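Per our numbering, residue 1076 is the first one in the sequence shown, and the count goes up by one each step. Positions of the beta carbon are idealized from the N, C-alpha and C atoms, including for glycine. Owing to the predicted nature of the structure, the values given are computational and were not obtained by experimental measurement. The structure appears below as structure tokens.
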Amino acid sequence: MKDVHAMAPARGQLTLRSVGVSGIRKPLAVQRTDRVHTLTATFRAAVDLPSERKGSDLSRNAEVLAEIVDRTALQPVHSLESACASIARELLQRHAYATEAEVEASAEYFLERGVSDAKRSFEDFALFAGAVASRQAKGGARVRRWIGAEAVGMTACPCAMETCRELLLAEYPLLADPRLGGLPVISHNQRNRTRLVFELGEDAEVEADAMIAAIEAAQSSPTYAILKRGDEGRVVLDAHRRPKFVEDVLRDLLASLPERFPDLPDSVRVRASTSSEESIHKYNVDAAHEVSFGELRRAAPR
């Protein structure tokens, strides 16, 4: 049978950086500290394509995904990013013509959360991971990995809060009492979506739960699926006691990372982004930054 994929392209003989398959959904079993957690993960798997080949052998990508992911039902993997790394390495083995393989994955992730211990339920978060395996001249492959998490919480605007405080003081002079100086007042709120990504070497490890905890601590308040009236009041008050711009969320998140992840080397790079879905404006507000752990440590107050 003629191998059409191995034929020369009719025109445009260019090396293509990435050709692959995407949207493949698989159950991936991950060994957590106290249990096996099965993620419903969506994968993309691709390799580069040399200029002399018409096409990539895409069925091999689907085969590798099936072989590695399916066997986690019996042998759970350590993490989502380690599964991506294993798949990327195997793709280079199956595609002898490729010099680089890239795998990306996303998954819903659930953690038990609650405004109080009496009202806890599983709240949803998002995980993202990936790996790039590059063929080395002396044999073998070098692998770069990344792991990310996203959490949805809320922010309260500090600017509107202070403006409201001044307006209320004009109407209610009793609010000038120094004993009320720390009293939070009304402000407009936003649903805040914040994402944190670590670019890791082959040996560094990051716990997804710790990433989510860092994100939630940087927002004005977490949000919850189950809230009774009293709980709603508590969440609103908590958020208004910690009013934040998106700039505050981003800076507080990044500044907290060296203490939260003390074992990560200076070479690890961090990408963080945050977006607040505005309630009184016709637009959203975004902020993003990329930095190394070394830079974060040097920027920390002495």
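To the nearest angstrom, how far is it from the Cα of Arg1377 to the Cα of Arg1316?
Answer to the nearest angstrom: the Cα atoms are 27 Å apart.
State the CB to CB distance for the pair Arg1240 and Ser1350, rounded to an integer number of angstroms; the pair is presumed to be in contact (CB under 8 Å).
Between Ser1350 and Arg1240 the Cβ distance is about 27 Å, and since that is not below 8 Å, they are no contact.
Measuring alpha carbon to alpha carbon, tell me which of His1263, Glu1280, His1112, Ser1348 ends up nearest Gln1150.
The residue with the shortest Cα to Cα distance from Gln1150 is His1112.
Which value, in whole angstroms, describes the spacing of the CA atoms of Ser1354 and Ser1296?
Straight-line Cα distance between these residues: approximately 16 Å.
Measuring CB to CB, does Pro1233 end up less than 8 Å from Pro1125?
Result no, Cβ atoms of Pro1233 and Pro1125 do not sit closer than 8 Å.
Could you tell me which whole beta strand (DSSP E) segments of length 3 or greater appear in the segment 1180–1250?
As far as the segment 1180–1250 is concerned, its whole beta strand (DSSP E) runs of at least 3 residues are 1195–1210, 1216–1231.
Starting from the Cα of Phe1336, find the closest Cα among Phe1273, Glu1291, Val1207 and give me that residue.
Ranking Phe1273, Glu1291, Val1207 by Cα distance to Phe1336 puts Phe1273 first.
The alpha helix (DSSP H) with Ala1314 in it runs from where to where?
Residues 1304–1316.
Give the DSSP-derived three-state secondary structure of Gln1383 in the structure shown.
With the chain running from 1076 to 1377 in the structure shown, residue 1383 is simply not present.
What runs of the beta strand (DSSP E), each 3 residues or longer, lie entirely inside the segment 1088–1173?
List check, beta strand (DSSP E) in window: 1091–1106, 1111–1124.
What do you reckon, are the CB atoms on Gly1228 and Gln1294 nearer than 8 Å?
Cβ atoms of Gly1228 and Gln1294: closer than 8 Å.
Examine the ligand SAH and report whether any of its heavy atoms sits within less than 7 Å of the Cβ of Lys1101.
Absence of the ligand SAH is noted for the structure shown, with no ligands found whatsoever.
Whose C-beta lies closer than 7 Å to the C-beta of Thr1115 among residues of the same chain, with five residues either side of it excluded?
Arg1100, Pro1102, Ala1182, Glu1183.
State yes or no: is the C-beta of Leu1328 within less than 8 Å of the C-beta of Ala1300?
It is not a contact, given that the beta carbons lie outside the stated cut-off.
Classify Phe1273 as helix, strand or coil using the three-state DSSP reduction.
Correct three-state label for Phe1273: strand.
Looking at the secondary structure, which residues open and close the beta strand (DSSP E) in which Ser1350 lies?
Start and end: 1344–1352.
Since Glu1370 sits in a beta bridge, which residues does DSSP pair it with?
Answer by DSSP bridge pairing: none, since Glu1370 is not bridged.
Restricting to Cα atoms, I'd like to know which of Ala1363, Arg1220, Arg1169, Arg1372 is closest to Glu1277.
Minimum Cα distance to Glu1277 is reached at Arg1220.
Straight-line CA distance for Asp1192 to Asp1306?
Taking the straight line joining both Cα atoms gives about 12 Å.
Based on the DSSP output, what are the partners of Ser1295 in its beta bridges?
DSSP lists no partner for Ser1295.
Rounded to whole angstroms, how far is the Cβ of Asp1284 from the Cβ of Leu1186, which I believe are closer than 8 Å?
That pair is a contact at about 7 Å.
Who pairs with Val1360 in a beta bridge, going by DSSP?
Answer by DSSP bridge pairing, in chain order: Ser1351.
Would DSSP call Val1324 helix, strand or coil?
Helix, per DSSP.
Classify Ala1289 as helix, strand or coil using the three-state DSSP reduction.
In the structure shown, Ala1289 sits in a helix (DSSP, three-state: H, G or I).
Check this for me: beta carbons of Ala1235 and Leu1244, under 8 Å apart or not?
No; because the gap between Cβ atoms is not below 8 Å, this pair is not in contact.
Taking only the alpha-carbon atoms, compute the straight-line gap between Ala1176 and Val1360 and give it to the nearest angstrom.
Approximately 35 Å between the Cα atoms of the pair.
Looking at the structure shown, is Glu1334 part of a helix, part of a strand, or coil, going by DSSP?
Of the three classes helix, strand and coil, the one that applies to Glu1334 here is helix, per DSSP.
In its own chain, which residues sit with a C-beta less than 7 Å from the C-beta of Ala1216, not counting the 5 before and 5 after it?
Excluding residues within five positions, the ones whose Cβ falls inside 7 Å are Arg1164, Leu1167, Ala1208, Ser1209, Arg1210.
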